[in-house]
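Working notes for the structure below.
In the numbering used here, the protein residues as written are 59 to 164.
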């Protein structure tokens, strides 16, 4: 849904890269598809098939397992504060749910 506030430099095609700052005016209409990024609130019914994407590579060429130790110390949502690129943080959260601790644990 287009914004009511015009941009100073419109584009012809939407960007695949998320904005660096969220909109100040939230939409009244819910999204048509669910987010690829897990929420900080656990699901009431976690999936039994939670796993990291084995083919995932970050912009720096790192795999989910390369973030394993760091994710045990800091939530994946806070990786940007440690210098990880925002696009990488979003893709790590979406691609590495086991590493980030979003899978059901026993």
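Heads up, the beta-carbon is just placed ideally off N, CA and C, and yes, glycines get one too.
By the CB criterion at 9 Å, residue 153 and residue 122 fall inside the cutoff. Taking C-beta separations shorter than 7 Å and ignoring five residues to either side along the sequence, residue 136 has no partners in its chain. Distance from the Cα of residue 156 is smallest, within the candidate group 63, 119, 124 and 70, for 124. Taken atom to atom, the span from the alpha-carbon of residue 117 to that of residue 146 is near 6 Å. Counting the other Cβ atoms within 10 Å of the Cβ of residue 151 gives 16 or more, which makes it buried. Cβ-Cβ distances below 7 Å link residue 142 to nothing in the same chain once the five nearest sequence neighbours on each side are left out. The alpha-carbon separation between residue 114 and residue 120 amounts to approximately 8 Å.
In the three-state scheme derived from DSSP, where H, G and I count as helix and E and B as strand, residue 113 is classed as coil. Scanning 74, 70 and 63 for the CA closest to the CA of residue 148 turns up 74.
The beta-carbon distance between residue 158 and residue 134, rounded to whole angstroms, is 4 Å. This is short enough to meet the 8 Å contact definition.
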